[in-house]
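One structure below.
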Amino acid sequence: MTLQLDYAPAQDVPAARLDGAWYPICRLADLELCWGEAALIHGRQVALFRVDSSTVFAVSHRDPVSGSQVMARGIVGSRGQRFTITSPLHKEVYFLDSGEPVSGIGTALRSFPTRVIDGKVEVLV
């Protein structure tokens with residue numbers, strides 16, 4: 001499932017214009033456990049991951065190594081108590097809570113704050 005919100009087209013919304021607003025994305029029940037979904041939010045592709053009954057993480061859908069929009073197709077895992085996402089292309093592993101690479105080396109994924117209000121997932125971009 002890829003969700004697109006009806007805002008301005010991507011080419012008309014440079015990253016510098018994003019206003020730091022919360023955007024409703026979907027119902028929490030629409031997200032499968034440990035399965036990624038992509039959403040287009042105000043011209044930005046975001047990968048969403050529900051990891052338990054009420055926790056959702058959001059990171060950039062763009063793989064920092066290849067530049068491809070594939071992170072929602074990555075493999076969800078964990079390192080200790082922290083959830084991770086493994087890129088489906090080159091198998092780099094990132095922490096979902098921060099976007100930092102597990103190895104500590106390389107480019108991080110951009111991460112976005114999330115919240116669940118009345119059963120609806122919202123992302124701050």
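Everything in the sequence shown is counted per full-length UniProt numbering, starting at 1 for the first residue and increasing by one. Here a beta-carbon is modelled for each residue, glycine too, at the ideal position from N, C-alpha and C.
Residue i vs residue j beta-carbon contact at 8 Å
i	j	result
Val102	Ile41	no
Ser111	Gly99	yes
Phe83	Asp63	no
Euclidean distance between Cα positions of residue i and residue j
i	j	result
Ser66	Leu89	8 Å
Glu37	Leu48	5 Å
Lys120	Ser54	10 Å
Arg73	Ile85	9 Å
Arg79	Gln45	25 Å
Val76	Val56	12 Å
Leu109	Arg115	19 Å
Exposure label - residue i; buried when at least 16 CB within 10 Å
i	result
Thr107	exposed
Arg50	buried
Glu92	buried
Ala58	buried
Leu33	exposed
Ile105	exposed
Ile25	buried
Member of the options whose CA lies at the smallest distance from the CA of residue i
i	options	result
His61	Ala39, Leu28, Glu32 and Asp30	Ala39
Trp35	Ala21, Asp52 and Tyr94	Asp52
Length-filtered (3 minimum) beta strand (DSSP E) runs lying within the UniProt domain "Rieske" (22 to 123): 22 to 27, 36 to 41, 44 to 50, 56 to 60, 75 to 79, 82 to 86, 93 to 95 and 114 to 117
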